[in-house]
Every structure is written in C-alpha cells, then in structure tokens.
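What follows is a set of notes on a single structure, which appears directly below.
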Ligand code: ATP
Ligand code: MG
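Numbering (my numbering), first residue to last: 56 to 398.
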C-alpha cells in the first residue's frame, strides 16, 4: 500500500496571492513530486466552510472554483493516484466524526488555540461547529490512513489531537485500527520547508497578507482584475529608507515585493536582489513587480477560465466514487471495532 499524502484548502473566502505562493504552489509541487510513490488526496473541505458565517449563495461555485485553482496551479489529476474530491460527497466523514467525538475529551478540545483566537471577542455567534471542527479534520485524515498532511503551522495543534485520538483508539481497539499520521516535525521535514513563506499585507507589511483582511487594498485576490491589482502594487506601503534592501526586519514591504517578484518571475531571490538592491527608484521597481503580477493574474485567470465545470465535475465524480469505497471500508472497520457491526 502506498503512503497517503492528504491536504485541502477551505473554500470560504477568495484566496490571495499569499495563499497561491504559500499554499497552492508548494502543495501542487509536493503532490507532483511524490505522485510516483504515494497516493495523493487533495480534497475540498467543504463541510469546514461555514464554521464561521459565509455567503451560502456562492458556496457551491466557490467549491468548484477551488478545484479549478488546484488544476490551474498545475495539479495533474489525470494520474490515477492523484485524487480531488469534496468532503461532503463522502458521507463517511460525518459519521466518523461522531464516533471520534465520543473518544475526544472536552478538556483537550478546550485547549485549541485556533478556537480561542477565532472565537475571541464574539459572544453569541460561536457555533459548536467551530469548536468541533478539529474532530472533523481528524476524520478527514484517519479515514484514509494519511501519513503526511502538509499544512501551515497554525494547524499543527489539530494534527496533534488527531494523533492523540488515533493512538487512544488504537490502544483500546487494536493497533491496526488507524494509521497514526507522522509527528509535526517529520511533516515539516517531508515538506522540505522550514523557511515559512509569509507574503506581507500591502497596506501594513508588518502583517501577513490574509484572505479575511477586510481591507481590499491589503491583498491581491486571485480573482482581482489585473488592472486593479497593478494599482494595489503601485500604492503598496513600503518605507522611507530611500534605498531598496532585502531586509524583512527594517524594510518588510520592500522585501515582500522582492520576494513576490522572484517567485512569480521564476528567477532566484539572489538574482532579483542583485538586480534591484541598492537602487533608489522605488517607483520603477514597483512598476516591474506590478507588471509581473499583471502577467501572472492574466495567465492564471485564463487557465482557470479554460477549465470547464463539466471537466471538474467528471473528475470529482470519479475520485468521489473511489474515495467513498475506501472511506466506507474504514468506517465499517471502526463501526465493527466499537461494536456497532458484528465482528
Ligand atoms: P484567513 O485570513 O481566513 O485565516 P489566510 O489567508 O490566512 O486566511 P488560510 O486559509 O488560513 O489563509 O491558509 C491557507 C494556506 O495559505 C495555509 O497553508 C497558509 O499557511 C497559507 N498562507 C496564508 N497566508 C499566507 C501568506 N501571506 N504567505 C504565504 N502563505 C500563506
Ligand atoms: Mg490564516
């Protein structure tokens, strides 16, 4: 059996250039690199979309667009062992969540910092779903015996609770019940990343670019009209040093632009820095970055537009049929272990 790599990006808000460079591109590269030796599950965690309020009228379209973004970023779904599927089309995710819920302690869930962060300051609109979503995430992972789960550092605590639940149930019901995902240190090593890319907000470069940032000028959306994106880059906050430097400490805005330029142009950071560091004309530099962003968005949006709903839906249906079989088999094993089915 091939080791399973599993990952997903929520479809709640329109992704940014930061998400593209920090998540889509590395995930797709990782998937294509390991496709010969691993099973790749790139899924859309659609049931995770409304743990916080969203516009439900656009959710279905956003989910399909999320799949198109994987493809436009280069995911090769024609391969048999690369699968893209929607969580809510595999009912076993929800059923498994309930069983796992009953082996997860309220105390350990209450320590989840992401819940504390996302619920801070709110009083009456905090849902049980927001509290419980790490258990749904555990089900997403354990149903497919995933060993590697590439995710951001903000999700490490949820991966740890997944490991705890799996170890706890293996101890009670037999060691072969679940594959325990690799510990977080091993996950990072597998991803080959400890550099931690952080594209900065265009209006406050001490912060990262975030899709939930209410300020439209702070972020480049993947759906931004390229001319609008150009204006955002040209008016991006930099510094008053007067000389271009690659120095996140003192010139974070400038450094983030240098990084965007390198990543989008395919040049190395050293090459880009050699060309620009020491120069004084910020305007000329921003124009070059803006041109690169313009070309990227035009090309990316053309690629997305060329992918039909029909193609996406067919690919999803094929993978969802395959994944339903795998997930149902695992669910049956767990139902049997807990005594719901005859051994
Ligand atoms: P939100 O504001 O809703 O938290 P976000 O932009 O932070 O949105 P997430 O959904 O939290 O996005 O994260 C999706 C993926 O994008 C994660 O793997 C995360 O590490 C990556 N990512 C998010 N922002 C950046 C950024 N500015 N630079 C690089 N990677 C990023
Ligand atoms: Mg985030």
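Glycine included, C-beta positions come from ideal geometry on N, C-alpha and C.
Since the structure is predicted, the reported quantities are computational estimates derived from the model, not experimental observations.
In the DSSP output, what is residue i paired with across the bridge?
| i | result |
| --- | --- |
| residue 96 | 61 and 138 |
| residue 263 | 255 |
| residue 201 | 59 |
| residue 276 | 71 |
In three-state terms, what does DSSP make of residue i?
| i | result |
| --- | --- |
| residue 113 | helix |
| residue 255 | strand |
| residue 287 | helix |
| residue 168 | helix |
| residue 304 | coil |
| residue 122 | helix |
| residue 214 | helix |
| residue 12 | Residue 12 lies beyond the stretch modelled for the chain, which goes from 56 to 398, so this question has no answer here. |
| residue 231 | coil |
| residue 365 | helix |
| residue 131 | coil |
| residue 332 | coil |
| residue 186 | helix |
| residue 105 | coil |
| residue 358 | helix |
| residue 244 | helix |
| residue 85 | helix |
| residue 322 | coil |
| residue 396 | coil |
| residue 314 | helix |
| residue 281 | helix |
| residue 196 | helix |
| residue 207 | coil |
| residue 149 | helix |
| residue 179 | coil |
| residue 339 | helix |
| residue 268 | coil |
| residue 299 | coil |
| residue 349 | helix |
Mind reading off the beta-carbon distance from residue i to residue j? Whole number of angstroms is fine, and I expect it under 8 Å.
| i | j | result |
| --- | --- | --- |
| residue 155 | residue 201 | Incorrect: roughly 14 Å between the Cβ atoms, too far for contact. |
| residue 257 | residue 272 | 6 Å |
| residue 60 | residue 205 | 7 Å |
| residue 161 | residue 185 | That pair is no contact at about 15 Å. |
| residue 362 | residue 72 | Not confirmed; about 20 Å, so no contact. |
| residue 382 | residue 137 | Not a contact, Cβ separation roughly 17 Å. |
| residue 309 | residue 283 | Contact doesn't hold; Cβ gap of about 22 Å is too wide. |
| residue 277 | residue 70 | 5 Å |
| residue 110 | residue 66 | At roughly 12 Å, the Cβ-Cβ gap does not stay under 8 Å, so residue 110 and residue 66 are not in contact. |
| residue 122 | residue 371 | 7 Å |
| residue 151 | residue 368 | Actually they are not in contact, since the Cβ atoms of residue 151 and residue 368 sit about 25 Å apart, beyond 8 Å. |
| residue 255 | residue 263 | 6 Å |
| residue 220 | residue 159 | 6 Å |
| residue 300 | residue 344 | Not quite, the Cβ-Cβ distance comes to about 15 Å (not below 8 Å), so this is no contact. |
Would you mind working out which of the options sits nearest residue i, comparing C-alpha positions?
| i | options | result |
| --- | --- | --- |
| residue 313 | 359, 253 and 384 | 253 |
| residue 197 | 181, 147, 161 and 172 | 147 |
| residue 222 | 368, 246, 238 and 182 | 238 |
| residue 388 | 228, 360, 329 and 134 | 228 |
| residue 380 | 392, 140, 77 and 116 | 140 |
| residue 364 | 120, 63 and 79 | 120 |
| residue 374 | 135, 89 and 56 | 135 |
| residue 133 | 87, 302 and 78 | 87 |
| residue 75 | 158, 107 and 128 | 128 |
| residue 244 | 77, 85 and 68 | 85 |
| residue 57 | 79, 246 and 93 | 93 |
| residue 149 | 327, 189 and 301 | 189 |
| residue 116 | 99, 320 and 231 | 99 |
| residue 341 | 300, 377 and 285 | 285 |
| residue 104 | 178, 327, 191 and 80 | 191 |
| residue 183 | 348, 346, 376 and 106 | 106 |
| residue 213 | 165, 83, 306 and 232 | 165 |
Within 10 angstroms of the Cβ of residue i, are there 16 or more other Cβ atoms? Answer buried if so, exposed if not.
| i | result |
| --- | --- |
| residue 235 | buried |
| residue 62 | buried |
| residue 350 | exposed |
| residue 304 | exposed |
| residue 261 | exposed |
| residue 279 | buried |
| residue 325 | exposed |
| residue 112 | exposed |
| residue 384 | exposed |
| residue 218 | buried |
| residue 91 | exposed |
| residue 327 | buried |
| residue 317 | buried |
| residue 296 | exposed |
| residue 153 | exposed |
At a Cβ threshold of 7 Å, is residue i touching chain D?
| i | result |
| --- | --- |
| residue 136 | Absent here is chain D; the protein component of the structure consists of one chain. |
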